[in-house]
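Since the structure comes first, as structure tokens, the remarks are kept for the end.
2 protein chains.
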Amino acid sequence: MSSAVHSTEEYDMDIRSLSSSHRHPQDAPYVHKVGLPPKQNLFKEFKATVKETFFADDPLRSFKDQPRSKKFILGLQAIFPILEWGRSYSFAKFRGDLIAGLTIASLCIPQDIGYAKLANLDPQYGLYSSFVPPLIYAFMGSSRDIAIGPVAVVSLLLGTLLQSEIADPVANAAEYRRLAFTATFFAGITQVTLGFLRLGFLIDFLSHAAIVGFMGGAAITIALQQLKGFLGIKKFTKKTDIVSVMHSVFASAHHGWNWQTIVMGVSLLSFLLFAKYIGKKNKKLFWVPAIGPLISVILSTFFVFITRVDKDGVEIVKHIEKGINPSSVNQIYFSGDNLLKGVRIGIVAAMIALTEAIAIGRTFAAMKDYQLDGNKEMVALGTMNIVGSMTSCYVATGSFSRSAVNFMSGCQTAVSNIVMSIVVFLTLQFITPLFKYTPNAVLSAIIISAVIGLVDFDAAYLIWKIDKFDFVACMGAFFGVVFASVEIGLLIAVSISFFKLLLQVTRPRTAILGNLPRTAVYRNILQYPEATKVPGVLIVRVDSAIYFSNSNYIKERILRWLIDEEELVNKSGQPKIQFLIVEMSPVTDIDTSGIHALEELYRSLQKREIQLILANPGPVVIDKLHASDFAQLIGEDKIFLTVANAVAACSPKLMVEQV
Amino acid sequence: MSSAVHSTEEYDMDIRSLSSSHRHPQDAPYVHKVGLPPKQNLFKEFKATVKETFFADDPLRSFKDQPRSKKFILGLQAIFPILEWGRSYSFAKFRGDLIAGLTIASLCIPQDIGYAKLANLDPQYGLYSSFVPPLIYAFMGSSRDIAIGPVAVVSLLLGTLLQSEIADPVANAAEYRRLAFTATFFAGITQVTLGFLRLGFLIDFLSHAAIVGFMGGAAITIALQQLKGFLGIKKFTKKTDIVSVMHSVFASAHHGWNWQTIVMGVSLLSFLLFAKYIGKKNKKLFWVPAIGPLISVILSTFFVFITRVDKDGVEIVKHIEKGINPSSVNQIYFSGDNLLKGVRIGIVAAMIALTEAIAIGRTFAAMKDYQLDGNKEMVALGTMNIVGSMTSCYVATGSFSRSAVNFMSGCQTAVSNIVMSIVVFLTLQFITPLFKYTPNAVLSAIIISAVIGLVDFDAAYLIWKIDKFDFVACMGAFFGVVFASVEIGLLIAVSISFFKLLLQVTRPRTAILGNLPRTAVYRNILQYPEATKVPGVLIVRVDSAIYFSNSNYIKERILRWLIDEEELVNKSGQPKIQFLIVEMSPVTDIDTSGIHALEELYRSLQKREIQLILANPGPVVIDKLHASDFAQLIGEDKIFLTVANAVAACSPKLMVEQV
């Protein structure tokens, strides 16, 4: 009986052995039916979807079955995690936090002054933003390793966006500053709202590749901006693209460069890069690059103070406002045109700031294996920016470089942020006058050495190796930032990311399956060249949910597989195709358009006298096949648990026709 | 040896029987390796992706290996399919086309006059649009059944959009008309461009559910607009939402309604609906509803001519310009503000027109089992609209109601459109003066009876049964159109459709698998309650490609499954979980973010002393696992062909620990 098939293929024997090896060989193979999941009520189904979408992490889990007083305490602890971990805080932990806090403070003070310049703000605003926000975060945040404060990329982005609204940040300094606080306020509101509405997953739509490219491009742009301070150029372009900047640099080559500044800048940068190199070579010496900036600031300030080279044209900081953050509540625009501008800029800055902070938080949480609730984190970051906007701070977030130093210095909890905050407070109160003679060149050198780490060649190479499309997104974002502007780069990154997702849902993969010799397993014949097709049967796997966006494509793709296969079969004189098995394991869902496409496929196959057979539809799919009566249309007996079962059911009929 | 496991589960025996039933039972099971597909070169890979995205239907297939002269002929035939099917055209076919063409002509003439009103244009523009575009389509289109001309929904959409730019279409009739031609021109350009760039799949992003809702809502809105002509109201609102319209209707109830008009309208509508009912009851009498409109126009016109009730306030058509389409080339705006408006309106109208035409084309192509190239179809539709815009036509497309009549009257080819076009030509040349006394009420009745079929309760109910989310999209579009405007409804439909797609790629499904008794098959335990878990092993299936948009969610979801399972295991005193098997069959692709997520998962598992095992990664995934060195990280021997193999590899180790 089985000779016809057996001669060409071994599969028949194996299928039977699958389920009936210990029974009489003549028995019909034991065939499991496709399970129809228990009917769910509509409300439950809806609730489950909402829960999985917005509360995937089940944030109220610990609240279950607790007395009311306990719930209140848990609620407080949820908002202020310090109440939870603070109870087990110890002196040993404090020692770690103290050292880490002092280290990041020494790093952040010179950086802050430089970053404020990127945002076109006076230097003290950078320091302000390293005082209030870290304090707030320490009480509300749940990451133990993140170091809060102004960061290079967000400062640059804010500066660019604000400047596109207010042309001259120097002439209109007051208005510019007010718009900056407005943007910061709405950045905070955006972050709190996203967290509160549990829309945190929105930041996942910026792909890793796009971020790598964007960060690298931003780093190059920031470094290029530093050429102004580094070469001592007076007239510098306001644009950030590489063409404008290089033009500006070379146009001023003859009369605009200041050789004293260049010598100072180059030697300081060499010192900082050497310190970085030492830290990289020997992990134990991580503190060398960490305190390098502070040392170079002290040395160069002292040098300028002694030699008074500022009289020869070396630009210096000159003046930093003394004292802590003044209130800025009534500086925020709550009406008029500037309100809208502030909202728009705030939303963009909020998303980039969140992306950076959450990426840092997740990285270190994974390293130390603790859980981080992205949505709660957003509420903390947002609150700190709202309070910041009222106390003369601009958008703060987690800094890559300082968080890494914080981690390596042995921080234990967010107390290291408090320590840093106190040091910044003391600086603001007592030490700012000492920065008078600090040359701008040292700030430029510090910023260049800080952002250089954001250009991540290894990551880009890995992306190239793994996914070419991702690499295009990465490069698109990179060149967009470098040759156009941070906004354009960001837009390119987001567009390419979305395009990739849409491509996935529009053009899903399909594969022809074959039987692996000596098994009942059917696999993609391109991946397993040893897999053999079953004569008279075409087995196609669809690798995606069948939705309106791809249903038509899938239908036509399957028909095209069939036409190709029929051509092949005709040429080689093999038996005609009589069965089309669609392996539906990867088809997780189907919608009305998908059902229509299946119906059209069924009708086309009927005209060709080919039977449509489905293998292993999932719970949602089988439910909908029944609801739409498609299962009855093709016949319930045409739906099988596995491809092997389906093939087994086809083969006797095939043989009859071949005899 | 196997007693520990055997006592609780039967799977062990079955796995062995899978592959070694005819060999000695002590043999190690035959384990297939996971296939690594042959390395593809970068260019080939890229070419394959582009081909699958834009040339999925392989349009150049027939050009392969042909001499140059043959290629030229094939190329001409590709642009003008009439050259291909025209060669086998016969008298028998012409008989079918003639009858069908005359039938749809009798239907389209009164419809055209009414639809032109929906677009706020004079009646002759409706007739113009049924003369030139069908002719062009007949030469370039590949659908045999579609009937081309102005349609209700596009007319309404165009009227609404144009009116939002030019407030008073009567006072500024010339400017309004010019903008209409401009929009038509750019609608054509949009359609040709989409087809030429092979971006036809973009229209697939309007889901079936959204279209059903949108069409239903548009039909209600159109019917409501007809209350003006139906009740003889003089002052009527310009808004289209139901609230404004009903307010307008009842505000004029006392003095604005004309009873003669109402009597005439009601009797004509009853006649038309009765004709429709007859056609539905008996498929052979399909011609009754098809010629109903023409008969009612003739009867009512004659009646008005005899009784002169127009003097009592019954509104009549009064005047239709005689003669065929004048040129409108120099009326199109190619500069200034109106150019931009025209482009914007044209793009929206083009998309809706395409959606309708392609849906019709596909439906009938599936019924008669011929292939339709969506992209080529778009070029044909676009060309006909470009030519139309230069010959005083507004946007034409395929009409649902007339195409169905065309099909049922036995049309064979696009020649039926030529026949219709000739009849419209004769009408324009000779008969238009006869329409002078045609009452507007009959046009309103014809439009109401035509659009009523667009409210598809059955389809809506089916959508409700199959997919609740689709139903929300459907209702959103419906109520958006009815209560706000066609634009808002369209926006809602598109937004909900996109949201659904994004949800799919953000929150993919995952499932816990169990072993089906007496098989080596592992399935979702929610779908198959009889499936049993393997003690000490957690098997999770991920039902989607792992991309940046979901990688973090998937990682955390798997860890949460693990925590839940460990709680269960602890309570029931079962053996501790030592292996986590991730079934990757449905994971069709993975990107850099996905690899990172897997690495983080691996590290978290290491801390818990649980081994990570992968089952059946697809060709793309296994390739990337190797490229990123993740395969080496977890160990190549931790990747199995099937879940059954993976479980078999775990179980001996499990038993050792349990002894």
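Chains as they are written, first to last, in UniProt numbering: chain R, 1 to 659; chain L, 1 to 659.
Think of the CB as a built atom: it goes at the ideal place given N, C-alpha and C, for glycine as much as any other residue.
The structure displayed is predicted, hence computed values, not measured ones.
Strand pairing of glutamate 583 (chain R), partner residues [DSSP]: R:Arg541 and R:Ala615
Residue(s) in a DSSP beta bridge with phenylalanine 640 (chain R): For phenylalanine 640 (chain R), which the question treats as bridged, DSSP gives the partners R:Ala615.
Neighbour-count burial assignment, asparagine 282 (chain L), 16 or more Cβ in a 10 Å radius: exposed
Which listed residue (R:Ala290, R:Ser130 and R:Ala441) has its alpha carbon closest to that of leucine 227 (chain R): R:Ala441
Proximal residues of chain L, C-beta to C-beta of glutamate 52 (chain R) below 7 angstroms: Listed along chain L, the residues sitting closer than 7 angstroms to glutamate 52 (chain R) by beta-carbon distance are Arg507.
Classification of glycine 313 (chain L) by the beta-carbon crowding that lies within 10 angstroms, buried from 16 upward: Glycine 313 (chain L) is exposed by the Cβ-count criterion.
Buried or exposed by the 16-neighbour rule on C-beta atoms within 10 Å, applied to leucine 135 (chain L): buried
Beta-carbon proximity check, isoleucine 466 (chain L) vs aspartate 591 (chain R), cutoff 9 angstroms: yes
Three CB pairs or more closer than 8 angstroms across the region 294–312 of chain R and the region 477–495 of chain R: No: the two stretches stay apart, fewer than three of their Cβ pairs being nearer than 8 angstroms.
Residue nearest to phenylalanine 499 (chain R) in terms of C-alpha spacing, selected from L:Tyr89, L:Leu202 and L:Cys108: L:Leu202
Helix, strand or coil at alanine 253 (chain R) [DSSP, three-state]: coil
Glycine 35 (chain L) at chain R interface by Cβ criterion, 9 angstroms: The beta carbon of glycine 35 (chain L) falls within 9 angstroms of a beta carbon belonging to chain R, placing the residue at that interface.
Endpoints, the beta strand (DSSP E) within which asparagine 570 (chain R) is located: Per DSSP, asparagine 570 (chain R) belongs to no beta strand (DSSP E); it is in the alpha helix (DSSP H), 551–572.
Residues that DSSP places opposite isoleucine 316 (chain R) in a beta bridge: Answer is R:Pro439, bridged to isoleucine 316 (chain R).
Any C-beta of chain L under 9 angstroms from that of glutamine 412 (chain R): no
Valine 542 (chain R) to alanine 511 (chain R) span [Cα, whole Å]: 7 angstroms
Whether glutamine 412 (chain R) touches aspartate 97 (chain R) by CB criterion (9 angstroms): yes
Whether valine 472 (chain L) touches isoleucine 496 (chain L) by CB criterion (9 angstroms): Result yes, Cβ atoms of valine 472 (chain L) and isoleucine 496 (chain L) sit closer than 9 angstroms.
Members of the region 454–476 of chain L that neighbour chain R once the beta carbon cut-off is set at 7 angstroms: Leu462, Ile463, Lys465, Ile466, Asp467, Lys468 and Asp470
One or two residues paired with asparagine 515 (chain L) in a DSSP bridge: L:Tyr522 and L:Thr532
Chain-ordered chain R contacts of valine 647 (chain L) [CB-CB under 8 angstroms]: Under the 8 angstroms cutoff, chain R gives no residues; its nearest Cβ is about 14 angstroms from valine 647 (chain L).
Short CB-CB distance (under 9 angstroms) between isoleucine 595 (chain L) and chain R: yes
Contact set between alanine 209 (chain R) and chain L, taken where Cβ atoms lie within less than 8 angstroms: Phe548, Asp591, Thr592 and Ser593
Interface flag, arginine 144 (chain L) vs chain R, CB-CB below 9 angstroms: Contacts with chain R at 9 angstroms (Cβ-Cβ) do not include arginine 144 (chain L).
DSSP state of isoleucine 262 (chain L) mapped onto helix, strand, coil: helix
Close beta carbons around phenylalanine 469 (chain R), own chain, < 7 angstroms, minus the five adjacent residues each side: Counting only Cβ-Cβ distances below 7 angstroms, and skipping sequence neighbours, we find Lys500.
9 angstroms Cβ cutoff met for leucine 118 (chain R) and serine 155 (chain R): yes
Local conformation of isoleucine 595 (chain L) per DSSP, three classes: Helix, per DSSP.
Inter-residue Cα distance where the pair is methionine 165 (chain L) and lysine 341 (chain L): The question names methionine, but residue 165 (chain L) is glutamate in the sequence shown. C-alpha separation (whole angstroms): 8 angstroms.
Glycine 410 (chain R), DSSP secondary structure in three states: coil
Start-to-end residues for the alpha helix (DSSP H) that takes in proline 134 (chain R): Its alpha helix (DSSP H) spans residues 132–140.
For isoleucine 148 (chain R), the residue or residues it bridges with in DSSP: Looking at the DSSP assignment, isoleucine 148 (chain R) forms a beta bridge with R:Gly398.
Inside the region 261–316 of chain L only - alpha helix (DSSP H) runs reaching at least 4 residues: 287–307
Per DSSP, cross-strand counterpart(s) of threonine 510 (chain L): L:Val542
Per DSSP, cross-strand counterpart(s) of isoleucine 590 (chain R): R:Ile546
Lysine 376 (chain R) to leucine 598 (chain R) span [Cα, whole Å]: Take the alpha-carbon of lysine 376 (chain R) and the one of leucine 598 (chain R): they are about 44 angstroms apart.
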